[in-house]
Structure formats: structure tokens, C-alpha cells
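S.K.:
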Amino acid sequence: MALNQRIKGVNAVDGLAALLGIAALAGVLWSPKLSNTVARATGSVKPVQISVDVRGVPAADPDRLLRDALQAGRTSIVIRNQPHGSVRLVQVQDITRKLVTLTPDGRVLTAVDPNRSIQGTLDARFILDGEATVSGSGVVMAGTNLKIGTPVELEGPQYRVNGTVSGVEIQ
Numbered sequence: 001m002a003l004n005q006r007i008k009g010v011n012a013v014d015g016l017a018a019l020l021g022i023a024a025l026a027g028v029l030w031s032p033k034l035s036n037t038v039a040r041a042t043g044s045v046k047p048v049q050i051s052v053d054v055r056g057v058p059a060a061d062p063d064r065l066l067r068d069a070l071q072a073g074r075t076s077i078v079i080r081n082q083p084h085g086s087v088r089l090v091q092v093q094d095i096t097r098k099l100v101t102l103t104p105d106g107r108v109l110t111a112v113d114p115n116r117s118i119q120g121t122l123d124a125r126f127i128l129d130g131e132a133t134v135s136g137s138g139v140v141m142a143g144t145n146l147k148i149g150t151p152v153e154l155e156g157p158q159y160r161v162n163g164t165v166s167g168v169e170i171q
């Protein structure tokens, strides 16, 4: 009988307050920062190096864009529309395609495409250092498996470009 009276004594406001308290506790326990801290403590978060290829991006001065990106030193990364945060930009390589021809005597000649400077397109490989969760299914960043071919978006102070992951190395 005492239990029935206690239950009857609980009103809707008390029940709502208890429900909000439980929800807040669950939010603290499953927060990304806490999950990241636990993952780091257990050793499942490891440093990774990611290569992202960006091809055919219109740019008035591609060389200046590459210099500015390197000077900033960091870039934000979005993986399949899921923001991951900022990663360190280690290197930017020019991967402009070359023209190739075969001469009648059998030699192969290569030359830089002269249209690149006229058209103003950017073809580059961004080398990024970051931290990711390493699991049995591979490298996971921003809750997404990061594999070769995964579309990503890189954003810096002067640019926002779409690219494709071309390499993932666990360090």
C-alpha cells in the first residue's frame, strides 16, 4: 500500500524532470568527446595519413591556391556530408596530367599540358595527417569508413574543393 501511495504522489512535472535527467545522463555518456577519449585511451584511435586527389577544379591561379593552402597548414574535412573537423595539411602535390607522344624512332616524349595555364584548372593531391578510429572494417573518421574512392570535401580559408580519397595509411 505504501508503494501505491508513493506512485500516486508523483505528478507529471516530477516524471518529466526524471526523464530529462536520464536523457542528460545518456547524452553525457554517449557524447562524441567522451567516446573519443575512451577510444584514445583504449588505443583504437591512431594517427593516419590520407591522400585526397582533386581534379579539374576551376581556379584563376592554381599555383597561388596551393601555396595558400600549404601556408594555412590545416584544412577542414567533410566525409560524405559528415564534418570531421580540422586535419593537418602536410603536403600538396601537383598531379597535372602530362601529354605523351611516341616519336617515329621509338622514343616516348612527355610535356606539361600548355592548356592548363589558359584554362586555370587545379589537379592536386592533398596529403593530410589526422586521427581516426581503426577497427576491423578499416579506418573510421566522422563515423564513416574511409576507403579509397570515398568522396570528401576539403575547405580552407580560400578554397572549398571536392575530391576523392586515393590513399589511407595507418601510421
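For the sequence shown, the working numbering assigns the number 1 to the initial residue and increments by one for each residue that follows.
Even for Gly, the Cβ is constructed at its ideal location relative to N, Cα and C.
Report the option in K147, Q93, A24 and L128 whose CA atom is closest to the CA atom of I77.
M.R.: Translated into positions along the sequence shown, residue 77 becomes position 77. Ranking the options by Cα distance to I77, first place goes to L128.
S.K.: Among the residues of its own chain, which have a CB less than 7 angstroms from the CB of Y159, if the five just before and after it don't count?
M.R.: Working through the sequence shown from its first residue, we reach residue 159 at position 159. Closer than 7 angstroms at the Cβ level, and outside the excluded window around Y159, lie L65 and A69.
S.K.: Measure from the alpha carbon of L89 to the alpha carbon of each residue in V57, L25 and A124, then state which is nearest.
M.R.: Position 89 of the sequence shown, counting from 1, holds the residue named residue 89. Nearest option by C-alpha distance: A124.
S.K.: When burial is assigned at 16 or more other CB atoms within 10 Å of the CB, is I22 buried or exposed?
M.R.: Translated into positions along the sequence shown, residue 22 becomes position 22. Exposed: under 16 other Cβ atoms inside 10 Å.
S.K.: In chain order, what residues of the same chain lie with their CB nearer than 6 angstroms to the CB of N162, ignoring the 5 residues before and after it?
M.R.: Reading the sequence shown from its first residue, position 162 is the one you call residue 162. Taken in chain order, the residues that qualify are E153.
S.K.: Note down the Cα distance separating I50 from G130, rounded to an integer number of angstroms.
M.R.: Sequence index remark: in the sequence shown, residue 50 carries index 50 (1-based). Sequence index remark: in the sequence shown, residue 130 carries index 130 (1-based). So the two alpha carbons sit approximately 8 angstroms from each other.
S.K.: Can you give me the C-alpha to C-alpha distance between L146 and V165, rounded to a whole angstrom?
M.R.: Walking along the sequence shown from the start, residue 146 turns up at place 146. Walking along the sequence shown from the start, residue 165 turns up at place 165. Each residue's alpha carbon lies about 8 angstroms from the other.
S.K.: Cβ of D14 less than 9 angstroms from any chain B Cβ?
M.R.: Among the protein chains of the structure shown there is no chain B, as only one such chain exists.
S.K.: Where D61 and I118 are concerned, what is the direct C-alpha to C-alpha distance, given to the nearest angstrom?
M.R.: Here residue 61 refers to the residue found at position 61 when the sequence shown is read from its first residue. Here residue 118 refers to the residue found at position 118 when the sequence shown is read from its first residue. Going by the C-alpha atoms only, they are around 10 angstroms apart.
S.K.: Let me confirm a value: T75 is counted as buried when at least 16 other C-beta atoms fall within 10 Å, else exposed. Which label applies?
M.R.: Translated into the one-based positions of the sequence shown, residue 75 becomes position 75. By the 10 Å Cβ count, T75 comes out buried.
S.K.: Assuming T96 and G56 make a contact with CB atoms under 8 angstroms, what is their CB distance in whole Å?
M.R.: Your numbering for residue 96 matches position 96 in the sequence shown. Your numbering for residue 56 matches position 56 in the sequence shown. Contact doesn't hold; Cβ gap of about 11 angstroms is too wide.
S.K.: So which of G156, Q93, N11 and T150 has the shortest CA-CA distance to Q82?
M.R.: Translated into the one-based positions of the sequence shown, residue 82 becomes position 82. The shortest C-alpha separation from Q82 is found at T150.
S.K.: Under 8 angstroms: does the beta carbon of L70 sit that close to some heavy atom of the ligand MN?
M.R.: As far as ligands go, the structure on display features none, and thus does not contain the ligand MN.
S.K.: Tell me the DSSP secondary structure of L143 in three-state form.
M.R.: Taking the first residue of the sequence shown as position 1, residue 143 is located at position 143. The identity of residue 143 in the sequence shown is Gly, whereas the question assumes Leu. If DSSP states are grouped into helix, strand and coil, G143 belongs with coil.
S.K.: Roughly how many whole angstroms lie between the Cα atoms of G136 and D53?
M.R.: Within the sequence shown, residue 136 is the residue found at index 136, counting from 1. Within the sequence shown, residue 53 is the residue found at index 53, counting from 1. Going from the Cα of G136 to the Cα of D53 covers about 25 angstroms.
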